[in-house]
Structure formats: structure tokens, C-alpha cells
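Input: a single structure, listed below in C-alpha cells.
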Amino acid sequence: MLFPRRVRGLYHGFAETASLHPMEPHWYLGFVGIEPHYQGHGLGEKLLAPVLKTADAENTLCYLETPFPATHKFYERLGFALEIEAKPFRGAPTLWTMVRRPEVVTTTGFQE
């Protein structure tokens, strides 16, 4: 059981995490995970593809946080770039924020 003081600490800690979000409108991608046995088969990309396609169509950036450096290359392949490395509150793991700017598709179907 969490004691009230700890619950308050977590609440304030997560409020600090929110301060890392971009100021402009964005889609926040919550925690996504694939069981290790199934990793490397394109499931993560397939899971995120419809979200990224919709964000592109709406010309909206996507934002995420990850505590796992091993995931950086995966997200970079999807167009995300590292933005901030932070410890949002005392006792928190290091978080890396990543942002993906929308890909603009022209009327001819080619990306700009």
C-alpha cells in the first residue's frame, strides 16, 4: 500500500513529467511494449503505423517518453528525434523525450 505522502510525491512527480511535453498541439504516445520474444518482427511498427499516419494527416507532431535507451533506434527509424534527457523528479529513472514532426505528403503522393 502506498502511503499518502508517497502518493502525493508520485502525483507531483508526474506533474513535473507533463512539463516536458511540447507546447504546441501533439499526440502523446503512452507506454508501448512488445514481449521480448516477439520483438524484431515488425509488430511495434505495425502497432504505431496508423497513429503516425493519422498524426501526419492532421499535421500534428507526436511525443513520447522512454526510460529505455535501447528503444531509441526503434523510434528513430519511425522518424522520432531525441529532444530532452531528464530526471523529472527525485527518485525517477532517466527519461528521454522524443518528438516526431509530421511528414507532409503532397497531392502527388510524395513526401516533402
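Each step along the sequence shown adds one to the number in this note's numbering, with nothing skipped, and position 26 is 26.
Glycine included, every Cβ here is placed at the ideal spot set by N, Cα and C.
> Once you ignore the five residues that flank residue 74 on each side, which residues in its own chain have a CB closer than 7 Å to its CB?
Replying inline: Counting from 1 along the sequence shown, the entry for residue 74 is found at position 74. The residues are 44.
> How many Å lie between residue 34 and residue 46 at the Cα?
Replying inline: Numbered from 1 along the sequence shown, position 34 holds the residue referred to as residue 34. Numbered from 1 along the sequence shown, position 46 holds the residue referred to as residue 46. Straight across, the Cα-Cα distance linking residue 34 with residue 46 is about 11 Å.
>> Need the endpoints of the alpha helix (DSSP H) that residue 77 sits in, please.
In response: Stepping through the sequence shown from its first residue, residue 77 is reached at position 77. 72 to 77 is the extent of the alpha helix (DSSP H) around residue 77.
> Which runs of the beta strand (DSSP E) spanning at least 3 residues fall entirely within the region 23 to 107, listed in chain order?
Replying inline: Runs found: 26 to 29, 61 to 66, 81 to 86 and 95 to 100.
> Which term fits residue 51, buried or exposed, when burial requires 16 or more other beta carbons within 10 angstroms of its beta carbon?
Replying inline: Along the sequence shown, read from residue 1 onward, the residue named residue 51 stands at position 51. The residue is exposed, with fewer than 16 neighbouring Cβ atoms inside 10 Å.
> How would you call residue 76, buried or exposed, if buried means at least 16 neighbouring beta carbons within 10 angstroms?
Replying inline: Against the sequence shown, residue 76 aligns to sequence position 76. Residue burial is scored here from C-beta neighbours: residue 76 has fewer than 16 other C-beta atoms within 10 angstroms and is therefore classed as exposed.
> In whole angstroms, what is the alpha-carbon distance linking residue 48 and residue 91?
Replying inline: Taking the sequence shown and counting its residues from 1, the one referred to as residue 48 is at position 48. Taking the sequence shown and counting its residues from 1, the one referred to as residue 91 is at position 91. Taking the straight line from one Cα to the other gives about 30 Å.
> Where does residue 55 land, buried or exposed, given buried means 16+ other C-beta within 10 angstroms?
Replying inline: For the purposes of this step, residue 55 is taken as the residue at position 55 of the sequence shown. Classification of residue 55: buried, given that the 10 Å Cβ count is 16 or more.
>> To the nearest angstrom, how far is the alpha carbon of residue 20 from that of residue 58?
In response: Sequence index remark: in the sequence shown, residue 20 carries index 20 (1-based). Sequence index remark: in the sequence shown, residue 58 carries index 58 (1-based). In a straight line, the C-alpha of residue 20 is about 22 Å away from that of residue 58.
> For residue 69, which option in 83, 95 and 89 has the closest C-alpha, if you only look at C-alpha atoms?
Replying inline: Mapped onto the sequence shown, residue 69 falls at position 69. Checking every option, the nearest Cα to that of residue 69 belongs to 95.
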